[in-house]
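Encoded as structure tokens, the structure appears first; notes follow it.
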Amino acid sequence: MIIKSSQFLLRPFAESDASSFAAAIRESGATVGRWMSWAHAEYSEAEAMSWFATCATERAKSVSYEFGIFDAESQSLVGGCGLNQFNVVNGFCNLGYWVRESWQRRGAGMFAIQSLKSFAFRDLAQGRVEIVVAAGNFASQALAERAGATRECLSRNRLKLHGTFTGAYVFSLVPEQS
């Protein structure tokens, strides 16, 4: 499955993306790594390949839909995004995203949110999509709000970042807002 605009495209990761994925993570330690514990300074191609295998397995089971964000013209890896943590009883899921440091503030995050929101509501029949953002991650909070998400609450100890529990804001998107 590919979701495309004139500027960006979303597609599942391929083995050939491992080198650029690892480089993107290593480049983005000060931004992405601060808010995502898995994004560390020595991130390797082997770790990327392992993640891609997990993504493929979970996609086949319909329990997670992870995508790379790519520049539509150059095919350069810009970041990653996904729908995961599906609550099948209540019909909602989590939407996550990250954008490599050199591509931040250029529309990739907004494209990812808007595209995945549509996919979740239209194709996966979700009634709610949550975006959970660490309390200090002001850039991601602002992006969620610009994308139309409603800030609902500060959830205490919602995330574990670098071994420490931290609060996170829960934002929601519902079909009526789309």
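Numbering (the numbering used here), first residue to last: 31 to 208. Cβ coordinates follow ideal geometry from the N, Cα and C atoms, glycine included. Bear in mind that the values here come from a model prediction, so they are computed numbers and not experimental data.
Between the C-alpha atoms of methionine 31 and aspartate 153 there is a straight-line separation of about 12 angstroms. Between the C-alpha atoms of valine 204 and phenylalanine 43 there is a straight-line separation of about 27 angstroms. Sixteen is the threshold: when 16 or more other Cβ atoms of the shown chains lie within 10 Å of the Cβ of tryptophan 133, as they do, the residue is buried. In the structure shown, the three-state DSSP call for serine 145 is helix. In the structure shown, serine 80 falls within a helical segment according to DSSP collapsed to helix, strand and coil. For tryptophan 128, the pairing in a beta bridge is given by DSSP as Gly110. Going by C-alpha positions, cysteine 183 is about 6 angstroms away from valine 200. In this structure, Leu107 is the residue among Ala142, Phe116 and Leu107 with its C-alpha nearest to the C-alpha of glutamate 131. Annotation: the continuous beta strand (DSSP E) that includes glutamate 182 extends over 180-191.
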